[in-house]
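Q: Dropping the structure in here first, questions after.
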Amino acid sequence: MSIERKDVCILIPTLNEVKTIESLIRDFREMGFSEIFVIDGKSTDGTADVARRAGARVEIQVGKGKGAAIIEAFSMIKEPYILMLDGDGTYAAADADTMLGPLEHGADHVIGERLSGYEKGALTRLNRFGNHVINVLFKWAHGRYLEDILSGYRAFTQESLSRLNLKESGFEIETEIAAEAVRNDLRIVVVPVSYCQRPGTPTKLHPLRDGYKIIKTIYRLAKVGNPLFYFGLVGLSLTLLGIILGIYVVYDWLHNIERIPMTVLTGLLIMSGLIITMFGFLGDIFLAYHRETNAELRKLQIQLDKLEGQKKN
Ligand SMILES: Nc1nc2c(ncn2[C@@H]2O[C@H](COP(=O)(O)OP(=O)(O)OP(=O)(O)O)[C@@H](O)[C@H]2O)c(=O)[nH]1
Ligand SMILES: [Mg+2]
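Residues 1 to 313 (the UniProt record's numbering) are what the sequence shown spells out, left to right.
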């Protein structure tokens, strides 16, 4: 099966990207893509008009932030395949087939990995370090190393999108997509893409502020994606604190100094730490059941779709 261009929606979120949006849309049109959808965050530099003139469908987002824009846009797309990328000229239309290829072969979600083939100067040392830390933290919290979870170049099938529960309004959206894709057992494929320098336009991303928000999101999403990690981290930290305090209490007791309040605190810390860790184990069991039930429901859905298809023919 090969994906036809008309079945692909090229989704581009923009906020003041007038310098790059026209050529990006032109590149996709020249490649034969006709459905180009720009979701604009109320740009003040005329991005929306330029995009419309270049032949894209343009909608102005209602909410605020890149995440909010994408979530709004997803609900307006009817095509069976979605290829999403930033409008700042950092990703290339030329990589479209590389991104869509795995979907033809059964993948549900494709991530364009930038870190192995970026143009000189496109990623600062801080960017690369931050990305590496975030990818490793994601692996600890969600169990998969996805090479470049913050990439803005993504491909989806409409069916796989409907399985993701997305809520993040800001730059945490890519993290949420990755976490939801892992939690819902999507077949994820990572392909290398080129990554160019921004052509002098200002970034909307604040590396430290947004980096911190992204790390918080990785941890918060582990509550449903990997409860053993989420509760275990807090539980084991409390238990460890209790044990350290306990060693101190025992040490003093051996020297005939009794520390009653500290002994009580030690007990409380160890007990509460173990109870919280137990929540993690229980959550993990629930998650395993949930995954099994979901897999069964999906099988049923596929069978139903097949039956409906047979009835129609
Ligand atoms: N619709 C919409 N688009 C946004 C918003 N914020 C950013 N964008 C777009 O989302 C894409 C990514 O934003 P960037 O500022 O490039 O963020 P980034 O790629 O993570 O950061 P850089 O590495 O500095 O480029 C760009 O096309 C922006 O124009 C927003 O609030 N609404
Ligand atoms: Mg960018």
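C-beta atoms are modelled at their ideal positions from N, C-alpha and C, and glycine is treated no differently.
Note that the coordinates shown come from a computational prediction; the quantities given were computed from them, not determined experimentally.
Would residue 23 and residue 92 qualify as a contact pair, given that the criterion is a beta-carbon distance under 8 Å?
A: Counting from one through the sequence shown, the residue named residue 23 turns up at place 23. Counting from one through the sequence shown, the residue named residue 92 turns up at place 92. Result no, Cβ atoms of residue 23 and residue 92 do not sit closer than 8 Å.
Q: Roughly how many angstroms lie between the CA atoms of residue 175 and residue 279, to the nearest whole one?
A: By 1-based counting over the sequence shown, the position of residue 175 is 175. By 1-based counting over the sequence shown, the position of residue 279 is 279. Each residue's Cα considered, the two are about 24 Å apart.
Q: Quick check: residue 229 and residue 277, are their CB atoms within less than 8 Å of each other?
A: By 1-based counting over the sequence shown, the position of residue 229 is 229. By 1-based counting over the sequence shown, the position of residue 277 is 277. Contact: no.
Q: So, under 8 Å CB-CB, residue 166 and residue 77 are touching, yes? Tell me the CB distance rounded to an integer number of Å.
A: By one-based count along the sequence shown, residue 166 stands at place 166. By one-based count along the sequence shown, residue 77 stands at place 77. Not quite, the Cβ-Cβ distance comes to about 13 Å (not below 8 Å), so this is no contact.
Q: Just how far apart, CA to CA, sit residue 286 and residue 6?
A: Start at 1 with the first residue of the sequence shown, and residue 286 comes out as number 286. Start at 1 with the first residue of the sequence shown, and residue 6 comes out as number 6. The alpha-carbon atoms of residue 286 and residue 6 are separated by roughly 41 Å.
Q: Does the beta-carbon of residue 125 have 16 or more other beta-carbons within 10 angstroms, so that it is buried, or is it exposed?
A: Position 125 of the sequence shown, counted from the first residue, corresponds to residue 125. Exposed: under 16 other Cβ atoms inside 10 Å.
Q: When you measure from the CB of residue 45 to every non-hydrogen atom of ligand 1, does any distance come out below 7 Å?
A: The sequence position of residue 45 within the sequence shown is 45, counting from 1. No; taking the cut-off as 7 Å, the Cβ of residue 45 has no heavy atom of ligand 1 nearer than that.
Q: Nearest to residue 235 by alpha carbon, out of 57, 225, 249, 269?
A: On the sequence shown, residue 235 is found 235 positions in, with the first residue counted as 1. For residue 235, the nearest C-alpha among the options comes from 269.
Q: DSSP three-state label for residue 195, please.
A: Position 195 of the sequence shown, counting from 1, holds the residue named residue 195. In this structure, residue 195 counts as strand in the three-state DSSP scheme.
Q: Looking at ligand 2, does it come within less than 7 Å of residue 246, judged from the CB to the closest heavy atom?
A: What you label residue 246 is simply residue 246 of the sequence shown in a count that begins at 1. Checking every heavy atom of ligand 2 against the Cβ of residue 246, none is found closer than 7 Å.
Q: Less than 8 Å between the beta carbons of residue 134 and residue 215, yes or no?
A: By 1-based counting over the sequence shown, the position of residue 134 is 134. By 1-based counting over the sequence shown, the position of residue 215 is 215. Cβ distance < 8 Å, so residue 134 and residue 215 count as in contact.
Q: Flag residue 39 as yes when its Cβ comes closer than 7 Å to any non-hydrogen atom of ligand 1, and as no otherwise.
A: The residue given as residue 39 occupies position 39 in the sequence shown. Checking every heavy atom of ligand 1 against the Cβ of residue 39, one is found closer than 7 Å.
Q: What alpha helix (DSSP H) runs, 4 residues minimum, are completely inside the UniProt domain "Glycosyltransferase 2-like" (9-129)?
A: Taking only runs of at least 4 residues, the alpha helix (DSSP H) segments lying wholly in the UniProt domain "Glycosyltransferase 2-like" (9-129) are 18-30, 47-53, 66-74, 96-104.
Q: Quick check: the Cα distance between residue 358 and residue 179, rounded to an integer number of angstroms?
A: Outside the shown range of the chain, which is 1 to 313, sits residue 358, and nothing can be said about it.
Q: In terms of alpha-carbon separation, which member of 168, 263, 281 lies closest to residue 70?
A: Residue 70 sits at position 70 when you count from the first residue of the sequence shown. Closest by alpha carbon: 168.
Q: Can you round the beta-carbon distance between residue 131 and residue 148 to whole angstroms, since I take them to be within the 8 Å contact cut?
A: To locate residue 131, count along the sequence shown from 1; it is residue 131. To locate residue 148, count along the sequence shown from 1; it is residue 148. Confirmed, about 7 Å.
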